[in-house]
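Note sheet for the following structure.
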Amino acid sequence: MNIIVIGCGKVGVDLAKQLAVEKHDVTVIDTNADKVDRTVSQFDVQGICGNGTSYRLQLEAGAGACDLLVAVTGTDEVNLLCCLMARRAGCKHAIARIQNPIYNEEARYLTDELGLTMTINPELACAEHIAKLIESPGVLDITTFAKGRIDLIKLPIPGDSPVDGMKVYEFATKINAQTLVTAIERDREVIIPNGSTELKAGDDMYVITRPQEIFRLIPKLGIKTRTIKSVLIAGGGNTSYYLAKKLEDLPINVKIIESDRSRCEFLSEALPSALIINGNVVDRQVLMEEGITDSDAVVSLTNLDEENLVLSAFASKVGRGTTITRLNTISFDEVLRDLPLGAVVSPKVITTKSILQYVRALQNTHGNNIETLYRILNDRVEVLEFRVNKETRAANKALMDMKLKKNLLVCAIVRGGKLITPGGKDEIRMWDRVVIVTTHKGLKDINDILA
9 MNIIVIGCGK
19 VGVDLAKQLA
29 VEKHDVTVID
39 TNADKVDRTV
49 SQFDVQGICG
59 NGTSYRLQLE
69 AGAGACDLLV
79 AVTGTDEVNL
89 LCCLMARRAG
99 CKHAIARIQN
109 PIYNEEARYL
119 TDELGLTMTI
129 NPELACAEHI
139 AKLIESPGVL
149 DITTFAKGRI
159 DLIKLPIPGD
169 SPVDGMKVYE
179 FATKINAQTL
189 VTAIERDREV
199 IIPNGSTELK
209 AGDDMYVITR
219 PQEIFRLIPK
229 LGIKTRTIKS
239 VLIAGGGNTS
249 YYLAKKLEDL
259 PINVKIIESD
269 RSRCEFLSEA
279 LPSALIINGN
289 VVDRQVLMEE
299 GITDSDAVVS
309 LTNLDEENLV
319 LSAFASKVGR
329 GTTITRLNTI
339 SFDEVLRDLP
349 LGAVVSPKVI
359 TTKSILQYVR
369 ALQNTHGNNI
379 ETLYRILNDR
389 VEVLEFRVNK
399 ETRAANKALM
409 DMKLKKNLLV
419 CAIVRGGKLI
429 TPGGKDEIRM
439 WDRVVIVTTH
449 KGLKDINDIL
459 A
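When we follow this note's numbering, the leftmost residue of the sequence shown carries the number 9, and every step to the right adds one.
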């Protein structure tokens, strides 16, 4: 597909990178020549320095014949105008990133009246993801597949876990028959397990399961959690606002610490059910007085990654609840992995993932049957959801009789709304949704799982 990305900030660069990896023809536009040059030199994309709102510049970039334009500059109004100009130029689809809560409330009007395909709000998407984690304490990450019927969740294996030393084939009978271990990270190495693979304390493992199984699964793994009834949020930005809104209908006490007094006044009016504290979020005395030691969850959402790192590390040391850390710039994974940060979320990653999923949905209309593609473990593993909507060599044959690629696991089949945790005798059939986990990159069709 021909795709134009306007804005070479964190989201724009990450999006251009991912789209290039998936072999799309990408052109980036930004007013900063250094950013454009850096992006072009790092990835297989084209670049133009200039104002993305210029009709003439967009035509030069090929907007009149492009399949999709994505505007992700730092200004909502610029993004909206870019998309409006692109649609007038003949671009088939346009996506705008918006951050102002006012525009978010008018998303339907913006898409209908301005001809936008969709709008994406990174702060809202991040808040929704955090809310899911708060509702599932103990989970480090969660992604939904098959229209909400199954979840891919990341879980730690604690030191005293009953699964320490257990073989994967024993997991179904001893822990949970509705759950399949799909990937393991051990000492920075990635393992796509088979039945004889041994689970070890200190591993992080990804499992596929039904949403209702999560609460039964976590205590069986020896993960110590407690029901979250109180949440302390550090920072009063838009993500904090959206998160508090998401939690206000739940039996959860929400407290927000924010240093800017005028912002506190806004939050007090907008969030009557939350307690707003005007104070320094990195002041130890303020944190102790406001109950960081007793809060069931501490969510670090300041605008500075460094502050969030310190806050979460401190909360893990003095507190006893869940910690969630927002990071948007820092990406030293080999260092972060060893820090007590709890679940780590990134608006940049969440936004990129949402846009990529839409791109794949467009591809499906052209014969590609990938419904969802999600990368885990620093992009070293792909989790793909295929929709079997045509005759295929991978159908109507027992999995045990197929010659599958190495480092590939068929981990879930959804048929008629029912989840099947596949064994060797199960088959893939027409209209199934099939979830695959693999270290192979570039699978485009269900037949690609065959060796």
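Even glycine gets a Cβ: it sits at the ideal position worked out from N, Cα and C. Keep in mind that this is a model prediction, so the values were computed, not measured.
For F179, there is no enclosing beta strand (DSSP E); the enclosing alpha helix (DSSP H) has its first and last residue at 176–182.
Where V21 is concerned, the enclosing alpha helix (DSSP H) starts and stops at 18–29. Taking 4 residues as the shortest admissible run, the segment 106–171 contains the following complete alpha helix (DSSP H) segments, listed from N- to C-terminal end: 109–113, 115–121, 130–143. S270 sits exposed, since fewer than 16 C-beta atoms from the chains shown fall within 10 Å of its C-beta.
By the 16-neighbour rule on beta-carbons within 10 angstroms, K254 is buried. Comparing C-alpha distances from V215 to each of L279, K162, G173 shows the shortest one belongs to K162. Closest option to P280, judged by alpha-carbon separation, among D75, E297, I264, V290: I264. Per DSSP, the unbroken beta strand (DSSP E) holding F394 starts and ends at 389–395. The alpha-carbon of P145 is positioned some 26 Å away from that of Q365. Here the C-alpha atom of H137 lies approximately 9 Å from the C-alpha atom of T151. In this structure, the CA atom of A459 is about 11 Å from the CA atom of A402. Here T400 has I436, D453, I454, N455 as same chain residues with Cβ atoms under 8 Å from its own Cβ, once five neighbours each way along the sequence are excluded. Here I457 is buried, its C-beta having at least 16 other C-beta atoms within 10 Å. The alpha-carbon separation between N415 and G72 amounts to approximately 42 Å. Segment contact: the segment 303–316 against the segment 326–337, three or more CB-CB distances shorter than 8 Å; contact assigned. The alpha helix (DSSP H) runs lying completely inside the segment 276–331 and spanning 4 residues or more are 292–297, 313–326, given in chain order. Put simply, the backbone Cα of R105 is about 9 Å away from that of T359.
A straight line joining the alpha-carbon of R95 with that of E68 spans about 15 Å. Residue nearest to V422 within the set G329, W439, K413 is W439 (criterion: CA-CA distance).
The beta-carbon distance between L370 and R157, rounded to whole angstroms, is 23 Å. This is too long to meet the 8 Å contact definition. For N261, the enclosing beta strand (DSSP E) starts and ends at 261–266. Collapsing the DSSP output to three states places L407 in a helix. The three-state reading of DSSP puts G58 in coil, since its state is none of H, G, I, E or B. Collapsing the DSSP output to three states places L458 in a strand. In this model, L89 and T61 are separated by some 6 Å (Cα to Cα). Taking C-beta atoms under 8 Å as the contact rule, P430 and V418 qualify, at a distance of about 5 Å.
G58 has its alpha-carbon roughly 10 Å from the corresponding atom of I14. In the DSSP assignment, Y382 is bridged to V391.
Pairing F223 with N87, the inter-Cα distance amounts to about 41 Å. Residue burial is scored here from C-beta neighbours: N404 has fewer than 16 other C-beta atoms within 10 angstroms and is therefore classed as exposed. Relative to the Cα of V21, the nearest Cα in the group A79, C74, N10, R64 belongs to A79. DSSP, read as helix, strand or coil, puts S248 in helix. Excluding residues up to 5 positions away in sequence, A28 lie with their Cβ nearer than 6 Å to the Cβ of D52 in the same chain.
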